[in-house]
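First up is the structure itself, then whatever we jot down about it.
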């Protein structure tokens, strides 16, 4: 699924997401990653990792639902689960970075209570980058 997600970035932005991501960052207690299945087939994923730039924040990474499973509310389920696990880990807020060429992601996050925050990370100065946050 991560390879499929990276292809979405290539299709929309012309390149993969270059944000450094080490799978070890998603290991508890400083991170978490979940995969959702339908009929024993992986169809959704997402994770969070502690963000070193913003104190008390869990940064959402690699949220994705395969094309064949979209429209079923799975992204909302994954997002709610990530928020719950981050809160249980003692974190105070969720943050994320997305881009203008991902309007469905922006719609998901804003309709789930996320608000624009100052850009951070690798894409801090990118004109198409949009960062959002939500208190837990």
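In full-length UniProt numbering, the protein residues as written are 1 to 136.
Heads up, the beta-carbon is just placed ideally off N, CA and C, and yes, glycines get one too.
Let me check one thing: in DSSP terms, what residues is residue 37 bridge-paired to? Numbered from 1 along the chain shown, position 37 holds the residue referred to as residue 37. Bridge partners of residue 37: 42.
C-alpha distance - residue 93 paired with residue 115, whole-angstrom precision: Position 93 of the chain shown, counted from the first residue, corresponds to residue 93. Position 115 of the chain shown, counted from the first residue, corresponds to residue 115. One C-alpha to the other measures close to 12 Å.
Enumerate in chain order the residues of its own chain whose CB-to-CB distance from residue 13 is below 7 Å, with the five nearest sequence positions on each side excluded. Translated into positions along the chain shown, residue 13 becomes position 13. Cβ within range, chain order: 99, 101.
Just reading off the alpha helix (DSSP H) that residue 84 is part of, what are its end residues? The residue given as residue 84 occupies position 84 in the chain shown. Looking at the DSSP string, the run of the alpha helix (DSSP H) that includes residue 84 is 74-88.
If you follow the alpha helix (DSSP H) that residue 146 is in, where does it begin and where does it stop? The chain is shown from 1 up to 136; residue 146 falls before or after that span and cannot be answered.
So, under 8 Å CB-CB, residue 47 and residue 66 are touching, yes? Tell me the CB distance rounded to an integer number of Å. By one-based count along the chain shown, residue 47 stands at place 47. By one-based count along the chain shown, residue 66 stands at place 66. Wrong, their Cβ atoms sit about 16 Å apart, outside the cutoff.
Go through its chain and collect everything with a Cβ distance to residue 15's Cβ below 8 Å, but skip five positions before and after it. Start at 1 with the first residue of the chain shown, and residue 15 comes out as number 15. So the list reads 9, once near-sequence residues are dropped.
Which residue wins for smallest C-alpha separation from residue 45, given the options 19, 134, 32, 56? To locate residue 45, count along the chain shown from 1; it is residue 45. Considering only alpha carbons, the answer is 32.
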